[in-house]
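To start, the structure under review is shown below, and the notes come after it.
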Amino acid sequence: MPTVEVTDLKDGDFLLDVREDDEWEAGHAEGALHIPISEFVARYGELTEAAPQDGRVHVICRSGGRSAQVTMYLVQQGIDAVNVDGGMQIWQAAGRPVITNDGQPGFVL
């Protein structure tokens, strides 16, 4: 399973958040694309439209389990995808910003 640490992510890296709506609304990384794992296959086209053509997709969830499943699916589709180890819990613990939809400080649910 291709995996990266939160600390390996750079500003501008493409981030796909696969948590559910309530988790996203509580707080997420700025600029991330949100497609809940429960809707992922049906909304797959949104990812292919938004993702950089020759870039990497960094997949994140709360702790790494759901994002690992999506990462494996994407790799099977031939997409350069990696799982963000520890997910949003580690993102927040590392001091990375977590915001709500209106740009206010958020939290990881």
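With UniProt numbering applied, the sequence shown covers 1 to 109. Note that the Cβ used here is the ideal one computed from N, Cα and C, for glycine as well. A quick note: this is a predicted structure, and the numbers were derived from the prediction, not measured.
Asked: So what's T3 in DSSP terms, helix, strand or just coil?; Found: strand
Asked: Just mark R66 as buried or exposed, buried being the case when its beta carbon has 16 or more other beta carbons within 10 Å.; Found: buried
Asked: Look up L16 in the DSSP assignment and say whether it is helix, strand or coil.; Found: strand
Asked: When you compare only the Cα positions, how much space is there between Q92 and G78?; Found: 30 angstroms
Asked: If you measure from the beta carbon of G64 to each beta carbon in chain C, is any gap under 8 angstroms?; Found: As a matter of chain content, chain C is missing from the structure shown, which is built from one protein chain.
Asked: Measuring CB to CB, does S63 end up less than 8 angstroms from G31?; Found: no
Asked: On the three-state DSSP scale, how would you describe V82?; Found: strand
Asked: For L74, which of helix, strand or coil comes out of DSSP?; Found: helix
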